[in-house]
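Chains as they are written, first to last, in the numbering used here: chain A, 3 to 325; chain B, 8 to 546; chain C, 13 to 322. Notes follow once the structure below has been shown.
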Amino acid sequence: MSDPGAASSGSGLEQAAAAGVGDLSHVDSGQGQNKPRSLWSDAWRELRRKPTFVISLVIIFIVVLMAAFPTLFTSVDPRYGNLDNYLKTPSADAWFGYDVQGYDVYARAIHGARGSLLVGLFSTILTVLIGSVVGIFAGYAKSWVDSVLSRFGDIFAGVPFVLGAIVILTTFNTPTENPSAVRIITQVVFSIAVLSWPVAMRIMRSATLVAKQQDYVKAARGLGASPLRIVFRHLLPNTVAPVMVYATIALGAFIGAEATLAFLGIGLRPPVVSWGVMISESRDYFQAAPHMLLFPAGFVTITVLAFVMLGDAVRDALDPKSR
Amino acid sequence: MSGSRSVSWLALPVALVMTLTACGGGGAKDSAAGENPDGTVSIYGTEPKSALLPGDTTEAGGSKAVDGLYSRLVAFKPEDGSTSNLMAESITSSDAKVYDIKIKSGWKFHDGTEVKAKNFVDAWNYAAYSPNAQQAGSFFAQIQGYDDVHPADEAAKPATDKMSGLEVVGDYEFKVTLKGAFSVFTSQLGYHPFSPLPDVFFTDPKAFEAKPIGNGPLKFVSRTPNASIKLERFDDYKGEDKVHFKTLDIKIYSSQETAYQDLVAGKLDFMEALPPSAKIGGKHKADLGDRVLNANLLGISTIGVPSYVAGYNNLDLRKAISLAINREQITKTVLADSYTPVDGWVPPGIEGYEPGVCGEFCKYDAAKAKEYFTKSGFTGKLTIQSNADGGRKEPLEAACNSIKQALGVECEFVGATNFGAFRQIVDGHQLTGLSRSDWSADYPSIENFLNPLYRTGGSSNDTVYSNPAVDALLAKADSTADKGAAIKEYQEAHKLLAKDLPSIPVWAEKGIGGFSKNLTAAKLTFSRDADLASFRVKG
Amino acid sequence: MGRYVLRRLLQLIPVFLGTTFIIYALVWAIPQDPFAGKCGQRPCPDSYISAMSDKFNFDDPLVLQYLKYMGNLLTGDFGDTFSGISVGEQISTAYPTTVKLAVIALLIEGIIGVTAGVLTGLRKQGFLDNLVLVSTLFLISLPVFVTGFVLRLYLGPQGLDLMDTGVDTADPSIGQLILPGFVLGSLSMAYVARLTRGGIAENRRADYVRTAIAKGQPNSRVVGVHLLRNSLIPVITFLGTDLGSLMGGAIVTEGVFNINGIGGLIFRGIQEKEGVMVTGIVTLLVLVYLLMSLIVDLLYAVLDPRIRYE
């Protein structure tokens, strides 16, 4: 073991999530390969009975529905601002009230789900993808390659998350253009992924290190299986559990990170509507009109909560020790 | 899940806040007691972006200290910016080109040396000399010989380091020759780059930067970066704008919000501007009561229409946009009543202001707007660009919504992250639509609202507007020696703008500040500064 | 052990250089005008630009700029900002505040987190356990700035007036930093609680605990000596790593409470494009972070007898 305790940097939540998953990767993968099928089915049986699992799935389903079909929830145009409704508090007409531009906060919160979720989803995919590829490679390859890759990961992990994101986003916000929605989202996604992938890499790497020592992997290698086959057929299935758990929690964390970056004025911004954007718009008006902040912040919190709960439940279910 | 619970949990404190602040507002009046001539006054400040040299300070953070440290030839009246002699005994000119300036004798710098005519001349030469890289160097561009000390080509070494237009006549008299007649030069003299510098500065500028020595009512004590700048009353000061307290503490804040909290709590004595959150719903009036300060500011907000953007060079479109902005409503709501709608390119309060220059086109009329819009034949999307921070985004987004609803055209606010990024777009002529164009006067004169902004090649003519007729009128006004006659000509130029709408006047900011219960009196000036001479500390 | 430390120290060098170079390149090399907006409503005078370009070596190639900069840094010279203020001086006034805040946050999260974790770990499935589980989940999900804003508004002078929340001074007192410290530590506090709870619950069934109970040792001794000692190892290493990142300055928390620490300094530095400031602080932070994670690894070995480094 070369660096057993080295936890990740990253945004606070993600850090916490990753550290927890790290434990899992040591325990679980070892257990998992003995009787993989029954572990997963055991887990599923246990999960179905867990209220937190069911609740979080329901919340996530609703949020995804909002993001995909916002018009199911509201028929109000989130970009229609009427100053007659300036800062009106919640009422029967507008459940969440109106904001400073006279936009309907409820309509914006519903439409904001898409931007926030997209950022969370793409950042997670990218983070996990880069992290897994590098991690599995580092774990499986010779030790000097491992060293180089690990140090390379450290370079990015050494930058505090918020700080790194600010520097990247400020630098690449070329002010001479009117960035499109796609470009704004891509920028945020990339800056999150660039700073987070070492975490996923470490999880994947340590899971691979454990799995690599298993007899059947050695056997497969002895039988002359190609490295690619070993990685895909034998290693990947046994390392996927901790990464999945990490991804779930990270997705929640990245939605929170989007909100934080927007709050600092460098994350998503108009024309994109997202919860983070709404939160950053509410900053000056928080005292006079708390509903501008509290509703989108509530959406963020509940969504993050759902993903963290889901990840928690899955981890507990997969970890035999906690039963 | 816990939504309803948290709402009720929040509602109670809100009610408490309101009762608490209401109490605070009422208690301020019963304090006509004594006055403490040796008290300390703390004012809100931001970190200066340059050394505390008068010629290198062009932004608000440094100006606060520089204004107290140095006194200039003329002073501005806090209310309207009309000028009166301060260090000058007399300023005379027969042709508005050659000025004969006599200064009062007996004035001292903080190090005890006397202020003489050459201190002015040397300081101005230093600021203008390009290798010294002083940010306010261009303020001297009107003076003859400026081009020799500050060539247009930055790489070129200047031929000399002295402007030929400055000539020391005696210890207390010097002569200034301008390139051409320029009637508002006397107003310019009140701006802080025109301060004198003591001889000791020229021997060791670096040491001076660490401990500046001026001729103003306050002398430098200490500076802690990002925390505070301390100044103290200069007892040998001869001017009329003496201060009535001992120590001035410029407290550096990173946020107006905290500063405002401190102001209300009595831990900060003066703010020249209040944060947006304090103005919403008139909260500041409840918090501060009769300690709210108001002033007419010499600034104006317009929406610039860059002439170089295809599609916008269309008078009907500009008229349509101007008619479509509901200025009244936006200033009342989004701007929290801290701005007033304007009807021209010169704000009220400036000598020479005439009401209604913009006329019918600066009044909201959705039907007429739609009419002009149809006539313009514009298709596509309108955009308004600005930096998004500092509360710049909200009113412009509201303007966009107003345009959108009146004209039925898509309109979008495009924000740059900060002022620097936005200026980069503007300076590089890379705007792609309408843009925020706010101007606050360097010195109180109608000239300052026209020449830099609308004259061909003007230093801040960001929309690249060019109209020979306007240019001609402005040139003529500049060279008119008689102030009254000059103003008449500037007014003519102003009226021509209404025909072209090179930018769309929208609103002007009201100066709203406040002082703490530790003071019994304070005044806010037309330039949104503290009028330090008016401050009285409670005894 | 000594060899391990040496190897780790050597490994730090490329990581340190890599991180600082990336930041340096991001701050200085991307084609952007560092002077835009520096001089108010007007573009900066050319003379000013050329003087500043000289001062910061803008005309050199990037790698050379970086090396010159690092060279100065190694001799302890952090350079000056555009306005001629020494960066080193600014850092040395801001850093004590950040360290103070970090320590307070750490104490809060450690004390509250461990207490909650021990209480619930000993009594799994009770009401208290569920309460702590739910509230930690909630804390984890709540963005820090929301916690900060809500607490600041409702506890500060404009709310219940319980404490002083405007911390905009050069040298804030401990009292002023308690609320920000709580906000800053809240997320980790939740995690410490869960980590402790997990450890206690797991070790409670361990053989050595059963043995201790069977031997008839008093409950307090079982918990205090056997259980806690072993359950707290991961907690302590977590706290160590956390201190490393807390020392990096909390940009958001310092922003919400206007604390003049490293976080605020660096945020302003980025916004005002004070590249010297940004690179200087980042270099320092990276160094602190790397050293902290090394210390944590060593601590792990000291605390957990099962781990030995070679």
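For each residue, glycine too, the CB sits at the ideal point set by N, CA and C. Just so we're clear, the structure is a prediction, and the values are computed from it rather than from any experiment.
Q | N- and C-terminal bounds of the beta strand (DSSP E) containing lysine 388 (chain B) | A | Working through the second sequence from its first residue, we reach residue 388 (chain B) at position 381. Taken as a continuous stretch (DSSP letters only), the beta strand (DSSP E) holding lysine 388 (chain B) covers 388-394.
Under 7 angstroms by beta carbon: chain C residues contacting arginine 153 (chain A):
Here residue 153 (chain A) refers to the residue found at position 151 of the first sequence. In chain order: Gln23, Pro26 and Val27.
Q) By how many angstroms is the C-alpha of glutamate 96 (chain B) removed from the C-alpha of glycine 318 (chain B)? A) The count along the second sequence starts at 1 and reaches residue 318 (chain B) at position 311. The count along the second sequence starts at 1 and reaches residue 96 (chain B) at position 89. Rounded to the nearest angstrom, the two C-alpha atoms are 55 angstroms apart.
request  = Note down the Cα distance separating isoleucine 220 (chain B) from serine 145 (chain B), rounded to an integer number of angstroms.
outcome  = Position 213 of the second sequence, counted from the first residue, corresponds to residue 220 (chain B). Position 138 of the second sequence, counted from the first residue, corresponds to residue 145 (chain B). Each residue's alpha carbon lies about 23 angstroms from the other.
Taking its Cβ as the centre, do 16 or more other Cβ atoms sit within 10 Å of asparagine 36 (chain A), making it buried, or is it exposed? Here residue 36 (chain A) refers to the residue found at position 34 of the first sequence. For asparagine 36 (chain A), the predicted model reports a pLDDT of 47, less than 50, meaning its position is unreliable and no value from the coordinates is stated.
Is the distance from the Cβ of arginine 207 (chain A) to the Cβ of glycine 137 (chain A) below 8 angstroms?
The count along the first sequence starts at 1 and reaches residue 207 (chain A) at position 205. The count along the first sequence starts at 1 and reaches residue 137 (chain A) at position 135. Between arginine 207 (chain A) and glycine 137 (chain A), the C-beta gap is smaller than 8 angstroms, which places the two residues in contact.
*In the DSSP assignment, what residue or residues form a beta bridge with methionine 278 (chain B)?*
Within the second sequence, residue 278 (chain B) is the residue found at index 271, counting from 1. Answer is B:Gly521.
Query raised in the report: Apart from the five residues just before and just after phenylalanine 420 (chain B), which ones in its own chain have a Cβ nearer than 7 angstroms to its Cβ?
Result: If you number the second sequence from 1, residue 420 (chain B) lands on position 413. Excluding positions up to five away in sequence, the list reads Ile391, Lys400, Leu403, Glu404 and Cys407.
Practice prompt. Report the rounded CA-to-CA distance for glutamine 437 (chain B) versus valine 299 (chain B), giving the unit in angstroms.
Written response: For the purposes of this step, residue 437 (chain B) is identified with residue 430 of the second sequence, where counting begins at 1. For the purposes of this step, residue 299 (chain B) is identified with residue 292 of the second sequence, where counting begins at 1. A direct Cα-Cα distance of roughly 41 angstroms separates glutamine 437 (chain B) from valine 299 (chain B).
Any beta-carbon of chain A closer than 8 angstroms to the one on leucine 4 (chain C)?
Nothing in the structure corresponds to residue 4 (chain C), since chain C is present only between 13 and 322.
Requested in this report: Might you give, ordered along the chain, the residues of its own chain that have their beta carbon closer than 6 angstroms to the beta carbon of isoleucine 325 (chain B), omitting 5 neighbours on each side?
Outcome: On the second sequence, residue 325 (chain B) is found 318 positions in, with the first residue counted as 1. Before going on, a small fix: residue 325 (chain B) reads as arginine here, not isoleucine. Val312 and Leu508.
- Output, in sequence order along the chain, the residues in the stretch 391-417 of chain B whose CB is closer than 7 angstroms to any CB in chain A. Cβ contacts with chain A come from Ala395, Asp396, Gly398, Glu401, Glu404, Ala405 and Asn408.
- Using a C-beta to C-beta distance shorter than 9 angstroms, which residues of chain A count as neighbours of proline 283 (chain B)? Numbered from its first residue, the second sequence carries residue 283 (chain B) at position 276. By Cβ distance, chain A contributes Asp286 and Tyr287.
- Same chain only: Cβ atoms within 7 angstroms of lysine 502 (chain B), ignoring 5 sequence neighbours per side: On the second sequence, residue 502 (chain B) is found 495 positions in, with the first residue counted as 1. Val364, listed in sequence order.
Practice task
Kindly say whether glutamate 367 (chain B), judged by its beta-carbon, lies nearer than 8 angstroms to any beta-carbon of chain A.
Solution key: Along the second sequence, one-based indexing puts residue 367 (chain B) at 360. Glutamate 367 (chain B) has a beta carbon lying at 8 angstroms or more from every beta carbon in chain A.
field: Among B:Gly520, B:Ser534, B:Asp538 and B:Arg240, nearest to glutamate 279 (chain B) - alpha-carbon criterion
entry: The residue you call residue 279 (chain B) lines up with position 272 of the second sequence. Distances from the alpha-carbon of glutamate 279 (chain B) to those of B:Gly520, B:Ser534, B:Asp538 and B:Arg240 put B:Gly520 closest.
(request) Note down, in chain order, each residue of its chain lying with its Cβ closer than 8 angstroms to the Cβ of lysine 226 (chain B), except the 5 sequence neighbours on either side. (result) The count along the second sequence starts at 1 and reaches residue 226 (chain B) at position 219. Correct list, in chain order: Leu76, His117, Ile220, Leu238, Glu239, Arg240 and Phe241.
Discussion item. For aspartate 63 (chain B), which residues in the same chain have their Cβ closer than 7 angstroms to its Cβ, ignoring the five residues on either side in sequence?
Written reply: Residue mapping note: residue 63 (chain B) aligns to position 56 of the second sequence, counting from 1. Here aspartate 63 (chain B) has Ser57, Gln141, Gln142 and Ala143 as same chain residues with Cβ atoms under 7 angstroms from its own Cβ, once five neighbours each way along the sequence are excluded.
Would you say glycine 33 (chain B) faces chain C, with C-beta separation under 8 angstroms as the test?
Translated into positions along the second sequence, residue 33 (chain B) becomes position 26. With a pLDDT of 34 at glycine 33 (chain B), under the threshold of 50, the predicted position of this residue should be treated as unreliable, though the coordinate-derived value follows. In terms of beta-carbon proximity, glycine 33 (chain B) stays away from the interface with chain C, with every pair separated by 8 angstroms or more.
Within the stretch 50-120 of chain B, note down every full alpha helix (DSSP H) run reaching 4 residues or more, in order along the chain.
If one requires a minimum length of 4 residues, the alpha helix (DSSP H) runs lying completely within the stretch 50-120 of chain B are 67-76, in chain order.
Grab the span of the beta strand (DSSP E) containing tryptophan 446 (chain B) for me, first residue to last.
To locate residue 446 (chain B), count along the second sequence from 1; it is residue 439. Unbroken beta strand (DSSP E) run through tryptophan 446 (chain B): 441-447.
Quiz prompt | Selection from A:Leu320, A:Ser284 and A:Ser228 that minimises the alpha carbon distance to aspartate 396 (chain B) | solution = The residue you call residue 396 (chain B) lines up with position 389 of the second sequence. The residue with the shortest Cα to Cα distance from aspartate 396 (chain B) is A:Ser284.
* Asked: Counting only runs that start and end within the stretch 167-223 of chain B, where is the alpha helix (DSSP H) found for 4 or more residues in a row?
  -> Listed in chain order, the complete alpha helix (DSSP H) runs (minimum 4 residues) inside the stretch 167-223 of chain B are 192-195, 206-210 and 212-217.
Chain A residues whose Cβ lies nearer than 7 angstroms to that of threonine 31 (chain C): Along the third sequence, read from residue 1 onward, the residue named residue 31 (chain C) stands at position 19. Correct list: Ile157, Gly160 and Val161.
Cβ-based burial, tryptophan 146 (chain A) [other Cβ within 10 Å; buried from 16]: Position 144 of the first sequence, counting from 1, holds the residue named residue 146 (chain A). With fewer than 16 Cβ atoms within 10 Å of its Cβ, tryptophan 146 (chain A) is classed as exposed.
As assigned by DSSP and simplified to three states, the class of leucine 225 (chain B) = For this step, residue 225 (chain B) is matched to residue 218 along the second sequence. It is a strand residue.
Beta-carbon proximity list for glycine 197 (chain C), same chain, < 7 angstroms, skipping 5 on both sides: Counted from its first residue, the third sequence places residue 197 (chain C) at position 185. Answer for glycine 197 (chain C): Ala117, Leu118, Ile120 and Glu121, listed in chain order.
task = Please report the Cβ distance between tyrosine 153 (chain B) and methionine 170 (chain B), rounded to the nearest whole angstrom; I am assuming they are in contact, meaning their Cβ atoms lie under 8 angstroms.
result = Within the second sequence, the letter at position 146 stands for residue 153 (chain B). Within the second sequence, the letter at position 163 stands for residue 170 (chain B). A Cβ-Cβ distance of about 6 angstroms is found for the pair tyrosine 153 (chain B) and methionine 170 (chain B), placing them in contact under the 8 angstroms criterion.
Kindly say whether asparagine 270 (chain C), judged by its beta-carbon, lies nearer than 8 angstroms to any beta-carbon of chain B.
Translated into positions along the third sequence, residue 270 (chain C) becomes position 258. Closer than 8 angstroms: yes.
Item checked: Backbone secondary structure at isoleucine 268 (chain A) - three-state DSSP -> Position 266 of the first sequence holds residue 268 (chain A). Three-state DSSP puts isoleucine 268 (chain A) in coil, outside helix and strand.
Q. Nearest to threonine 91 (chain A) by CA position, among A:Val78, A:Asp106 and A:Arg81, is which residue?
A. Translated into positions along the first sequence, residue 91 (chain A) becomes position 89. For threonine 91 (chain A), the nearest C-alpha among the options comes from A:Asp106.
* Asked: In chain order, which beta strand (DSSP E) runs of at least 3 residues are fully inside the stretch 465-523 of chain B?
  -> The beta strand (DSSP E) runs lying completely inside the stretch 465-523 of chain B and spanning 3 residues or more are 510-522, given in chain order.
Review point. Within 10 angstroms of its Cβ, does phenylalanine 250 (chain C) collect 16 or more other Cβ (buried), or is it exposed?
Key: As a first step, residue 250 (chain C) is located in the third sequence; it is residue number 238 there, counting from the start. Here phenylalanine 250 (chain C) is buried, its C-beta having at least 16 other C-beta atoms within 10 Å.
Helix, strand or coil for valine 364 (chain B), going by three-state DSSP, please let me know.
Taking the second sequence and counting its residues from 1, one reaches residue 364 (chain B) at position 357. It is coil, neither helix nor strand.
Compile a chain-ordered list of the residues in the stretch 235-264 of chain B whose CB is closer than 9 angstroms to at least one CB of chain C. Cβ proximity to chain C below 9 angstroms picks out Ser235, Lys258, Ile259, Tyr260, Ser261, Ser262 and Glu264 from the stretch 235-264 of chain B.
Chain-ordered neighbours of valine 310 (chain A) on chain B, where CB pairs are closer than 9 angstroms: Taking the first sequence and counting its residues from 1, one reaches residue 310 (chain A) at position 308. Result: empty, since nearest Cβ-Cβ is about 14 angstroms, beyond 9 angstroms.
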